[in-house]
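For reference, the structure discussed in these notes is given below.
4 protein chains.
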Amino acid sequence: MGDTIINVGVIGYGYWGPNVLRNFVGTEGAHVVGVCDIDKDNIKRALRIYPFLTHFTDYRDIIASKTIDAVAIVTPVSTHYKIAKAALENGKHVFVEKPFTANSKEAEALIALAEKKKLKIMVDHTFLFTGAVRKIKELIDENALGNLYYYDSTRVNMGLFQHDVNVIWDLAPHDFSIMDYVMQDKPIAVVAHGIDHFNNKLENVAYITMYFQKKMIAHFNVNWLSPVKIRMTCVGGSKKMLVWNDLEADEKIRVYDKGVNVHSKVGTYKMLFEYRSGDMWGPKIDYTEALKLETKYFIKCIITDRTPINDGYAGLRVVKMLEAAKKSLMNRGKPIRIQL
Amino acid sequence: MGDTIINVGVIGYGYWGPNVLRNFVGTEGAHVVGVCDIDKDNIKRALRIYPFLTHFTDYRDIIASKTIDAVAIVTPVSTHYKIAKAALENGKHVFVEKPFTANSKEAEALIALAEKKKLKIMVDHTFLFTGAVRKIKELIDENALGNLYYYDSTRVNMGLFQHDVNVIWDLAPHDFSIMDYVMQDKPIAVVAHGIDHFNNKLENVAYITMYFQKKMIAHFNVNWLSPVKIRMTCVGGSKKMLVWNDLEADEKIRVYDKGVNVHSKVGTYKMLFEYRSGDMWGPKIDYTEALKLETKYFIKCIITDRTPINDGYAGLRVVKMLEAAKKSLMNRGKPIRIQL
Amino acid sequence: MGDTIINVGVIGYGYWGPNVLRNFVGTEGAHVVGVCDIDKDNIKRALRIYPFLTHFTDYRDIIASKTIDAVAIVTPVSTHYKIAKAALENGKHVFVEKPFTANSKEAEALIALAEKKKLKIMVDHTFLFTGAVRKIKELIDENALGNLYYYDSTRVNMGLFQHDVNVIWDLAPHDFSIMDYVMQDKPIAVVAHGIDHFNNKLENVAYITMYFQKKMIAHFNVNWLSPVKIRMTCVGGSKKMLVWNDLEADEKIRVYDKGVNVHSKVGTYKMLFEYRSGDMWGPKIDYTEALKLETKYFIKCIITDRTPINDGYAGLRVVKMLEAAKKSLMNRGKPIRIQL
Amino acid sequence: MGDTIINVGVIGYGYWGPNVLRNFVGTEGAHVVGVCDIDKDNIKRALRIYPFLTHFTDYRDIIASKTIDAVAIVTPVSTHYKIAKAALENGKHVFVEKPFTANSKEAEALIALAEKKKLKIMVDHTFLFTGAVRKIKELIDENALGNLYYYDSTRVNMGLFQHDVNVIWDLAPHDFSIMDYVMQDKPIAVVAHGIDHFNNKLENVAYITMYFQKKMIAHFNVNWLSPVKIRMTCVGGSKKMLVWNDLEADEKIRVYDKGVNVHSKVGTYKMLFEYRSGDMWGPKIDYTEALKLETKYFIKCIITDRTPINDGYAGLRVVKMLEAAKKSLMNRGKPIRIQL
């Protein structure tokens, strides 16, 4: 990658923005030149640590800056489209917070624009860069689990209620993007049930089920009203089964040599179920900060003209799942077909 | 209760029968006189420990016995109706394994018969007699949790596949009976999603959601293919929230002073969400064997002519939920209305 | 082992006796013919389950019984010597509760007597028969851990205070017998610190350290006053390290590919420490009831004239460690040399 | 505290220095003006984040700086004395890493010098500022636990071997300073056992026991060779017992209403032990970063001329315990008397 330097501007310095900015500052090949936030207090916080930054309160100004090659958009989802569009039109590569956009139409338009302009879009599906998710991907890719039976995820805590999105749009993008990444098969239908306790039309407890072409099922439990924090995903396969407990300090992933061997009894319609219970194995995983790897990868994709795993299409697939979940919720749990 | 002795016969000495028999043997006021099983090896196992028992291989013979006042029916669900009917017709009180019957019609017929004959039916919803469930009931009854927001239960493990029922009929009766017992409100609609991986028409992974008149939701995650065992129920309320982890050796129940205080901002449509995070509390719970309390209670209900909390109607409500779940499963997750 | 039947008598039916009796009842080749306890209520409890047993209140009577080949002595430690001596003199094999005897002199006398009479002594070091300890033994025997660095055990809970022995004599025999079994090397010195809070001369909190010829250390934390129950042993080796958490339902043993590689820097006195952190592995272990395997093994050792792993010498080594710990306690933590 | 600004210089920017610097940067009333490290790479790392800092490679230069009021000394323990002495002689307040000094003589000399110069010494016993330790202090101060029976601490992990100090000097200062802070009673004798596996004269596994005037015992298990990380302290008292598990994300502290009630039986020498097992309680604790509170408190103590809880004397007491432990180790576990 030699001497090429990508000049980066960060738009949005609220909750997650500081992490994005800090990581771009630490990324070789990246040079952060500016920060933008409509809230001057946020700007002040940024300058306290990075006094050398040019700063803006209007995103149009930072996007107009000639010295910037790429922008990181770390703003509420409803603003992603207009900011990303403006950035792409101004020739900037775009790193955008998840979920990619507020609907699939916006996502498709941005993808088309980026392709036309030969620019990169990377959606910040940070979890794909954790050691845990990379290990799960690796295990599934080498068929260590066998045929997949189910993907069951629980992501609950006492949540920061969002004022503009429900619990699905807040928490499920993590899980949808992870499942989309690690599994070859894509869901064909989405069902969602949920409830809004405070009459604000924003569900705070929800359950999403996904169906597949194959005999596979996925389920997601998301909840902003849980007294305890749980971050657990279980992937069951015909050969092995995997539990990812993201709150474990070490050994986040455990692979179980457990399962069922099914035999058809010759000459009868009966089946014999035989249990298999062997060793457990906790593969070593890498604990490098995921966002650090992701910002580095973004710069590398730009310099080497490579399509990121978390490109606009990946972002679009997640948005389609979210849209389908919303539609199912509004139709009392009706299964909504999707095509990914 | 003085000197009255209830003579008990136990029908079925397979997996759970030995526990029922052992507890009736240890119950004051009960006298176990006979055991019945179609499998002679099971009879042999019973006699090794209780050589004094009269034994039978045909349930009709033990039911015909003049010396027996009550029978415990610990056989597969498909046989409950015919055995219980015969027992009631012969004037025996009935203690019957859960789920009560294979459908609600059978349950209703048994209830009617028992009422006509002035006999007791008790359905073995064992969990209602655990210290944990009694404590949850107590907390909800005294309104310690406030208005209930959700009831979320996970009961998964590498399961003993049943040959005649799916994972819902196997595992969910526990949770349905517990929820039915601890909560005043009853569900009005049931949705179920699930999957059968081995082409035997018996789902081994399933998710059930229940809707209520009030802003409440219930959800049940049952799975026979999980590499890890989880037995966890979370009940969220407006005042406090409760987590019951049945696999904890001590402190199975934790009550959290956590929640959300919602204020409507005067003069606007906006709401303010304020988090509350206080102490956690692990109430002491009683660890007496549940089945021991239950068999004692059965004898007491007979002697004092009292209606058990887990009577035929409780059994019927659980069967209705199971039936609705089955119907929803067969209709691709269609919500099925129920009246309890 | 053919048709030989060993007739067994059980002396002591208090806390642990019922387990011993139940397991001998279930052991092929054993026939339990009698039970003895000075407390008639205990006898009554036994007869309720095993009405066919001959019963005694004086141990001399059961020992005099011609029909008995072997006795299980499940009485307080202070009585072991006199009962075992009488039993051996009457030609009975002896299964005796741990700790073997109240002092090493008694243990040596019993061993000599048994050898003279060609009878078996087995000390009930039950833990040696658990799947966990057998797996640890196996791993150490095949040198999977490399050179052992330390053996660190914690066994604490809110305890049943014993009226005749301190916390070391109550809890540490488990750990001493396990360590003695799994490790080739034997301690050469014992140090103990402890405290008696209730002026009854019986320590309820104690810490024991053992030194070895090699660069190894062992440490035992035993406590009757802990609000939480902990049963954890860690064995560190040059190749791998092992944690045994006996309270885990599954995966009681975890083997860690972690350690330190030490290099001497050439030409200097400096050392380089290099960390190694690899996978974790939870070997499948057998969950058969330990006491069941042990009673079966006792019968087998008698019939096949085999020396048990937990013979009188094993019992003696544990008693010597206990004696040394007591002596160290009385001498303010002075290291006491032992020869095992 | 008005407008007074304390100008701070940070000496040492290795492992812990960056945290100290970052927190002083964020402390109101503090102004960090310079950083010093003998390693230029460390300086470079600091300047990347704080480009405005004056930097030094010789501690004498930063100490000579007229614009500096206070220094934070975050260097190896062997250098604390000479740097702190120079700083105090130059009229600087001193914030110094734990352990305070390499021996008690040095500590006493620094205390005397600071008193003469009317300057503050604060020893970085960071844990005293955690919500957990403050809560424990509060509970003990209000006598919630009753008379203390024992203080039992385990601090083990796969450690960063230090090249100049053993595991006691590395890990135990945390626990010694915490115990010193929360408990009124002070130890009167220290015993230590340990082992050095790599012939470098630096123990990597050690056990320390402390005796008190009252019927109290303290024990510390420190280990650099543990495959798992444990950070657990148990404090047993006559009224209640407390477990602090620092690795729990929430509910780090649990208070158990468990214990033993002892009655002397009238007219006899016998005692009756009665168990008490009540509720468990997890008090809410504050999760503010401890170092943030500590740096703020340092500035406040300077401005308001207040003696810190973690002053030179507190540092000295910890050094005396460490010295005694070392002496005991060198004398094969001989109890070493101390006066605090």
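Heads up: the protein sequence lines correspond to chains A, B, C and D, in order. For reference, each letter of the first sequence is one residue, going 6 to 345 in the numbering used here. For reference, each letter of the second sequence is one residue, going 6 to 345 in the numbering used here. For reference, each letter of the third sequence is one residue, going 6 to 345 in the numbering used here. For reference, each letter of the fourth sequence is one residue, going 6 to 345 in the numbering used here. Idealized CB from N, CA, C, for every residue including glycine.
- Taken in chain order, the whole beta strand (DSSP E) runs of length 3 or more contained in the segment 101 to 174 of chain A are 126 to 129 and 153 to 163.
- With respect to the C-alpha of Phe181/B, the residue from Asp251/B, Val40/B, Ala223/B and Asp169/B having the closest C-alpha is Ala223/B.
- Straight across, the Cα-Cα distance linking Tyr216/D with Ile141/D is about 21 Å.
- Linking Glu256/C to Ile200/C through their CA atoms gives a straight-line distance of about 34 Å.
- With a 10 Å radius around the Cβ and a threshold of 16 neighbouring Cβ atoms, Tyr20/C comes out exposed.
- If you check each beta-carbon in the segment 194 to 218 of chain C against every beta-carbon of chain D, the ones closer than 7 Å belong to Val196, His198, Ile200, His202, Phe203, Asn205, Val210, Tyr212 and Thr214.
- The three-state reading of DSSP puts Arg259/B in strand, counting E and B together.
- For chain C, the residues of the segment 242 to 256 of chain B that bring a beta carbon within less than 7 Å of one of its beta carbons are Leu252 and Ala254, in chain order.
- Annotation: Ile11/B to Ile307/B spans about 8 Å, alpha carbon to alpha carbon.
- Among the residues facing chain D, Ile222/C is included, as its CB has a counterpart in that chain under 9 Å away.
- Lys234/B sits in a strand when the DSSP states are folded into three classes.
- In the structure shown, the three-state DSSP call for Arg337/D is coil.
- Residues of the same chain with a CB within less than 7 Å of the CB of Glu113/D, apart from the 5 flanking positions on each side, are Leu321 in chain order.
- By DSSP's assignment, Pro192/C forms a beta bridge with Phe217/C.
- Pairwise C-beta distances place the segment 296 to 316 of chain C out of contact with the segment 288 to 298 of chain A, as fewer than three of them are shorter than 8 Å.
- Counted as a single uninterrupted DSSP element, the beta strand (DSSP E) harbouring Val248/A occupies residues Met246 to Asn250.
- Of all residues in the segment 39 to 60 of chain A, the ones placed with a Cβ closer than 9 Å to any Cβ belonging to chain D are Arg53, Ile54, Tyr55, Pro56 and Phe57, in chain order.
- About 30 Å separates the beta carbon of Ala75/B from that of Ile173/B, a gap too long to meet the 8 Å contact definition.
- In chain order, Ala254 and Asp255 make up the part of chain B whose C-beta sits under 9 Å from the C-beta of Lys234/C.
- Closest in C-alpha terms to Arg281/B, from the list Arg259/B, Ile304/B, Met246/B and Val324/B, comes Met246/B.
- For the 9 Å CB-CB criterion, Asn226/C and Ser158/C form a contact.
- Beta bridge pairing from DSSP links Trp286/B with Val260/B and Trp286/D.
- Counting only Cβ-Cβ distances below 7 Å, Asp63/C has no contacts in chain A at all, with the closest Cβ about 48 Å away.
- The segment 63 to 77 of chain D makes contact with the segment 32 to 42 of chain D, as at least three CB pairs between them are under 8 Å.
- By DSSP's assignment, Thr59/D forms a beta bridge with Gly39/D.
- Within 10 angstroms of the beta-carbon of Thr106/A lie 16 or more other beta-carbons, which makes it buried.
- In this structure, Ile145/B and Met188/B form a Cβ contact; the two beta carbons are roughly 7 Å apart against a cut-off of 8 Å.
- At a beta-carbon threshold of 7 Å, the residues of chain A lying near Lys263/B are Met163 and Pro232, ordered along the chain.
- Put simply, the backbone Cα of Val15/B is about 22 Å away from that of Thr309/B.
- Using a Cβ-Cβ cut-off of 9 Å, Arg259/C counts as an interface residue toward chain A, since at least one Cβ of chain A sits closer than that to its own.
- Asp42/A and His60/A have their C-alpha atoms spaced approximately 8 Å apart.
- Interface residue (Cβ-Cβ distance to chain C less than 9 Å): Pro313/A is not classified as such.
- Neighbours of Gly283/A in chain C, taken as residues at a C-beta separation under 7 Å, are given in chain order as Lys289.
- Contact with chain A is found for Val30/D, since one of that chain's Cβ atoms lies less than 9 Å from the residue's Cβ.
- In the DSSP assignment, Ile16/B forms a beta bridge with Cys41/B and Ile78/B.
- Here Asn28/A is buried. Its C-beta has 16 or more other C-beta atoms within 10 Å.
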